[in-house]
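All remarks here apply to the structure that follows.
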Amino acid sequence: MTAPAQPLQLEGSSLWRDALQRLRDNRMARLGGMTTVLLTLACFLGPMILERTLGYDYEKQNLAYGAHPPSVAHWFGTDFFGRDLLTRVLCGGQISLVVGLLAASVAASVGTVYGAISGYVGGRLDGLMMRVVDVIYALPYMFLVIVLVTIFGKSLVLLFVALGLVGWLMTARIVRGQMLTLKEREFVLSARSLGVSAPAILFRHLIPNTLGPIIVYFTLTVPSMILQEAFLSFLGLGVQAPRPSLGGLINDGAQHMAVFWWELVFPGGVMAVLLFSLNFLGDGVRDALDPSLRGR
Amino acid sequence: MARFILRRLLGLLPTLLVIIVISFFVIRLAPGSPFMTERGVPPEVLADLKAKYGFDQPLPTQLLRYLGNLAHGDLGLSTKYPQRTVNEIIADGFPATLLLGTAALLWALLLGVGAGIVGAVRQNTAWDYGFMAAAMVGISLPTFVLGPLLILLFALTLYVLPPAGWGSLRHVVLPALTLGTVYAAYLARLTRGSMLEVVRADFVRTARAKGLSEPAIVLHHMLRAGLLPVVTFLGPAIANLLVGSVVVEKIFATPGIGPYFVDAAFNRDYFLVMGIVVLDSVFLLIMNLLVDVAYGLLDPRIRFE
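Residue numbers (my numbering), protein chains in the order written: chain L, 238 to 533; chain B, 9 to 313.
Now the structure itself:
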């Protein structure tokens, strides 16, 4: 007796589902992802909770309670002006995350559109557009950012723009390279013969096909943008007091570290953990979407 | 090869010119003036000052004059330090920056390439995982966190190294470690990755079949192929050391040119800012050229056109 044959259940697996599975299997990436989520939650909810329950906020000074080491009431201690350091670190982390995400998004969108147009149109326009990228790439760009920020005033908006505008070059190059091969493929030819307009081909057919490398590069851009914002804030060019930023807090801490070690160790530690987890997550995303690069 | 280098050097000039022109206009068209003080300057004095530095001329004339002076190696006068030329300021500070950068680079190469080789040759062992995890920590520790932490540990707790200052080799250790560690981390990952690509290559098996010793195989055959991406990374990285040293020199009170840059931009010290931008660009361009030359030396298949 044979049992009636079960219809074979075969489930197709898409590139994205494969990638997600690989990402889930990567222990370090999972750890990085979880830490990132926890830190993000802490940075966005923490200050609110601390304010509701204990009445701490990032700028209210309490000079009688200045520079106290970590205690039950103030887990990270207080700074020179008696402000709760935990609140300030979390607020700083909030700014870092927002700056990192926004600047990386600006960079990714500008770079994608620029690279896609350059690669798709090709010819003389392509040559010209890529020459522009080469020249900007050769500029000593951190110096230019410093010049821009000192000259045009220190606003948060300008910081996004300055960071985002110099971060798009790599994305543009990557996307252009992809375009050059993609645009010769049959599906583009068939779309064109059906009368699809050039912008529609670009945005509906070509760019979605380059999403993999774009996402990979985006996830690795976020930590580098956060790092650069902190770099500028450390030099006193980024976020301005009394608003805290991780770079600014580390700068304050470095000046008093001989006496008030907690002012350096906690902001520095949070910054390092944030970058660490984002980098591991980014590495994992790259390995997941492009397994041939694994371990690079 | 000499012709190749010469032609490439000439090819750098237009790029450098574009960089100089863009930087010049960005800096000059920005609001603010180098002669702003709280009290204000009497108009006659201001006119005199402007005439002294040539700021009374139209911008294009000033640009041409700047380029003309630059061709003679004259970087102009500092407005913030009226007694000194930009050449003098750079000549004063650059040796310290150069020493710091060189020490940092040596540290990065030794640690980074070494760890990368071990990681690749002993792939998927505890050594490999350990070094690569350490590299990730290195990449995630910004200089401005690492530097103060090193001071806190080695200078203020263990008392083995000076916390800041300059003068003896002992003063170079901490800033060089701070500046070089990030690069060591990147180098370790790059070296490991590219060495892994050749670990199972045919020429390595041939070398092994010939009976070469393991160190000879690794150092002579694999490393040479594995160094290409490392060299690519090194060119821009060396130029970037200059930017990194802005922060490191501030932390360790090193008398280099780094801290001048931010101050110069704040003070609208036009010629000093331009001087440092030019210095950095020349550095970057030359390093990229050296990378191309090194390619040919490392990989004979790459020919100089």
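The C-beta atom is built at its ideal place from N, Cα and C for all residues, glycine as well. On a predicted model such as this, the values are computed, not experimentally measured, just so you know.
For SER86(B), the first and last residue of its enclosing alpha helix (DSSP H): Indexing the second sequence from 1 puts residue 86(B) at position 78. Where SER86(B) is concerned, there is no enclosing alpha helix (DSSP H), given that its DSSP letter is neither H nor E.
Interface residues of chain L facing VAL126(B) [CB-CB closer than 7 Å]: Taking the second sequence and counting its residues from 1, the one referred to as residue 126(B) is at position 118. Result: empty, since nearest Cβ-Cβ is about 14 Å, beyond 7 Å.
Separation of TRP253(L) from ASP371(L), as counted between CA atoms: Working through the first sequence from its first residue, we reach residue 371(L) at position 134. Working through the first sequence from its first residue, we reach residue 253(L) at position 16. Cα to Cα, ASP371(L) sits roughly 33 Å from TRP253(L).
Per DSSP, the bridge partner or partners of ASP307(B): In the second sequence, residue 307(B) corresponds to position 299, counting from 1. In the DSSP output, where bridge partners are listed per residue, ASP307(B) has none listed.
Assigned exposure category for THR133(B) - 16 Cβ within 10 Å defines buried: One-based indexing of the second sequence puts residue 133(B) at position 125. Looking at its Cβ environment, which holds fewer than 16 other Cβ atoms inside 10 Å, THR133(B) is exposed.
Whole runs of the beta strand (DSSP E) within the stretch 440-470 of chain L, excluding any shorter than 3 residues: none
DSSP-derived helix/strand/coil call for ASP204(L): Within the shown structure, residues of chain L are numbered from 238 to 533, placing residue 204(L) beyond reach of any answer.
Helix, strand or coil at THR93(B) [DSSP, three-state]: Within the second sequence, the letter at position 85 stands for residue 93(B). Of the three classes helix, strand and coil, the one that applies to THR93(B) here is strand, per DSSP.
Separation of LEU327(L) from ALA279(L), as counted between CA atoms: What you label residue 279(L) is simply residue 42 of the first sequence in a count that begins at 1. What you label residue 327(L) is simply residue 90 of the first sequence in a count that begins at 1. One C-alpha to the other measures close to 7 Å.
Reduced DSSP secondary structure (H/G/I, E/B, other) of THR315(L): Counting from 1 along the first sequence, the entry for residue 315(L) is found at position 78. If DSSP states are grouped into helix, strand and coil, THR315(L) belongs with the strands.
Local Cβ density within 10 Å of GLY269(L), reported as buried at 16 or more and exposed below that: On the first sequence, residue 269(L) is found 32 positions in, with the first residue counted as 1. Classification for GLY269(L): buried.
Cβ of ALA302(B) within 8 Å of any chain L Cβ: Reading the second sequence from its first residue, position 294 is the one you call residue 302(B). No, its Cβ sits nowhere closer than 8 Å to a Cβ of chain L.
Contact belief for ILE97(B) with LEU280(B) at Cβ below 8 Å, rounded distance in angstroms: The residue given as residue 97(B) occupies position 89 in the second sequence. The residue given as residue 280(B) occupies position 272 in the second sequence. Their Cβ separation, rounded to whole angstroms, is 6 Å, which keeps ILE97(B) and LEU280(B) in contact under 8 Å.
Stretch pair the stretch 246-254 of chain B + the stretch 107-116 of chain B: three plus CB contacts closer than 8 Å: yes
Neighbour-count burial assignment, ASP520(L), 16 or more Cβ in a 10 Å radius: Here residue 520(L) corresponds to residue number 283 of the first sequence, with the count starting at 1. ASP520(L) comes out buried.
Under 9 Å by beta carbon: chain L residues contacting ILE27(B): In the second sequence, the residue the question calls residue 27(B) occupies position 19. In chain order: VAL372, ALA375, LEU376, PRO377.
Proximal chain B residues relative to ASN516(L), where beta-carbon distance stays under 8 Å: Taking the first sequence and counting its residues from 1, one reaches residue 516(L) at position 279. Here the neighbours are MET144, ILE147, SER148.
Residues of the stretch 255-275 of chain B with Cβ closer than 7 Å to any Cβ of chain L, in chain order: VAL255, ILE259, PHE269, VAL270, ALA273, PHE274
Classification of TYR454(L) by the beta-carbon crowding that lies within 10 angstroms, buried from 16 upward: For the purposes of this step, residue 454(L) is taken as residue 217 along the first sequence, with counting starting at 1. TYR454(L) should be labelled buried.
Nearest candidate by alpha-carbon position, reference ALA6(B), set MET494(L), LEU260(L), PHE503(L): Given a span of 9 to 313 for chain B in the structure shown, any question on residue 6(B) remains unanswerable.
LEU293(B): contacting residues in chain L (beta-carbon distance under 8 Å): Against the second sequence, residue 293(B) aligns to sequence position 285. Those are ALA375, listed as they occur along chain L.
Where the alpha helix (DSSP H) through PHE424(L) begins and ends: One-based indexing of the first sequence puts residue 424(L) at position 187. First-last of the alpha helix (DSSP H) with PHE424(L): 423-430.
Secondary structure of GLU313(B), DSSP reduced to three states: Here residue 313(B) is taken as the residue at index 305 of the second sequence, counted from 1. With a pLDDT of only 49 at GLU313(B), under the threshold of 50, the placement of this residue in the model should not be trusted; the figure read from the coordinates follows. Three-state result, GLU313(B): coil.
Any chain B beta carbon closer than 8 Å to TRP498(L): Here the question's residue 498(L) lines up with position 261 in the first sequence. Yes, TRP498(L) lies at the interface with chain B (some Cβ there is under 8 Å from its Cβ).
CA-to-CA distance, LEU276(L) to TYR293(L), given in whole angstroms: For the purposes of this step, residue 293(L) is taken as the residue at position 56 of the first sequence. For the purposes of this step, residue 276(L) is taken as the residue at position 39 of the first sequence. Spanning the two alpha carbons is a distance of roughly 19 Å.
Pairwise C-alpha distance: MET295(B) and LEU419(L): The sequence position of residue 419(L) within the first sequence is 182, counting from 1. The sequence position of residue 295(B) within the second sequence is 287, counting from 1. Cα to Cα, the separation comes out at about 34 Å.
Runs of beta strand (DSSP E) wholly within the stretch 114-152 of chain B (minimum 3 residues, chain order): none
Collapsed DSSP secondary structure at ILE487(L) in the structure displayed: Start at 1 with the first residue of the first sequence, and residue 487(L) comes out as number 250. Residue state, collapsed to three classes: helix.
Where the alpha helix (DSSP H) containing PHE43(B) begins and where it ends: Start at 1 with the first residue of the second sequence, and residue 43(B) comes out as number 35. Element bounds for PHE43(B): n/a, residue is neither H nor E.
Contact set between the stretch 28-41 of chain B and chain L, restricted to residues whose Cβ is under 8 Å from the partner: ILE30, SER31, VAL34, ILE35, ALA38, PRO39, GLY40
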